Amino acid sequence: MRVGVLTGGGDCPGLNAVIRAIVRKGVQEYGYDFVGFRDGWRGPLENYTVRLDISAVRGILPRGGTILGSSRTNPLREDNGIRRITENLAKQEVDALIAIGGEDTLGVAARLAREHGVPCVGVPKTIDNDLPATDYTFGFDTAVNIATEAIDRLHTTAESHMRVLVVEVMGRHTGWIAVHSGLAGGANVILIPEQPFDLDQVCAWVASRFQSSYAPIVVVAEGARPRGGELILKDDTRDSFGHVRLSGIGEWLAKEIERRTGNDARTTVLGHVQRGGTPSAFDRWLATRFGLHAIDCVRDGDFGTMVALRGTGIVRVPLDAAAERIKTVPPELYEEIGVFFG
Ligand code: F6P
């Protein structure tokens, strides 16, 4: 049995832990061979491969990023994309393909499995934690820890200068990183894409925090928008992959707060720091378990499936479930944590 492995979409901490678990169990328990495809779907599209054996995965467990490289290449948008992929998989004599990715990468895997009979198994990943079929994705815990540490640090400098500190975290469509890190870091305001915010209310929370002689921390997810904000933030653009490139809500918010309340305000944009570096223990644990279960799907010939976390157990779900919708922050949860605002 020869198994291809690829990592697609934005990278996240824990990808190497999955790859390592797949290869170690596959080689040591099942005697399989592996081939790594470089840069997500670009690998099978262009027959761009890399050696993937026990020595290639040695020492990678704590390393961030992915030894296979990643990209947002979508073969469904390429000329003859599907045909080129199936031809290259045949050329590489691949019997099964494990795709590790978010909704786009897994969406392609689902289609290849469903419509073209390609034997695919999916492993869900994203720091955004917005895939519906799994309770958690690996990468998320690390991102939350990084954002929480940043918020802790920003509290002390905000207090020293009695100024507002706005922290912009990742989360284009969902506010999972914002609500988890904001709550853990004791933020005074948490703004998420799921709930357009009222700027007057934000300024009132900021003012009430100053009244109790504390400096406010405002956590804002990059995709959060004020009510009617489509007009204000009109310079969001799309990149060549069709993803919206967001235009600095954090900077905009700090300026507005300053203008409306008269308080000094600064912004910290955490950006790709949240995706880089070594994975947390939880993410290594989850990623390793996903890898061990993914290679078992291959052994069982259980294709068109994806591994997922449900409670504390790893289950198999249809690969189609990965791309069907995104998992948003429920209004009840947002309301529950709102007790700390102001
Ligand atoms: O999908 C994960 C994510 O980290 C989003 O939260 C963020 O908006 C996006 O990736 C950034 O992507 P890129 O690295 O392509 O700019």
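Those letters in the sequence shown? Residues 1 to 342, by the UniProt record's numbering.
Cβ atoms here follow ideal geometry from the backbone N, Cα and C, with glycine treated the same way.
Source: prediction; values computed, not measured.
- Residue pairing by DSSP places Phe138 opposite Lys125 in a beta bridge.
- Relative to the ligand F6P, Ile249 has its C-beta separated by 7 Å or more from all heavy atoms.
- The beta carbon of Ala308 sits closer than 6 Å to those of Ala133, Thr134, Val315 and Val317, all from its chain and outside the five residues before and after it, given in chain order.
- In terms of Cα proximity to Pro75, the closest of Trp205, Leu45 and Leu97 is Leu45.
- Each of His155, Ser212, Ala215 and Trp252 was checked against the Cα of Ala224, and the nearest Cα belongs to Trp252.
- At a threshold of 7 Å, Gly102 counts as near the ligand F6P, since its beta carbon sits closer than that to one of the ligand's heavy atoms.
- The residue from Pro124, Thr278, Arg38 and Ile85 with its alpha-carbon nearest to that of Gly117 is Ile85.
- Looking at Tyr136, Val202, Ser70 and Val27, the one whose alpha-carbon comes closest to that of Arg310 is Tyr136.
- Between the segment 19–27 and the segment 101–120, the count of C-beta pairs closer than 8 Å stays below three; the two stretches do not touch.
- Collapsing the DSSP output to three states places Cys120 in a strand.
- Around Gly43, the same chain offers Leu6, Phe37 and Thr49 as residues with beta carbons nearer than 7 Å, after the five sequence neighbours per side are excluded.
- Minimum Cα-Cα distance from Val121 among the listed residues Val339, Arg299 and Leu165 corresponds to Arg299.
- The residue among Glu93, Lys91, Leu89 and Val123 with its C-alpha nearest the C-alpha of Thr105 is Val123.
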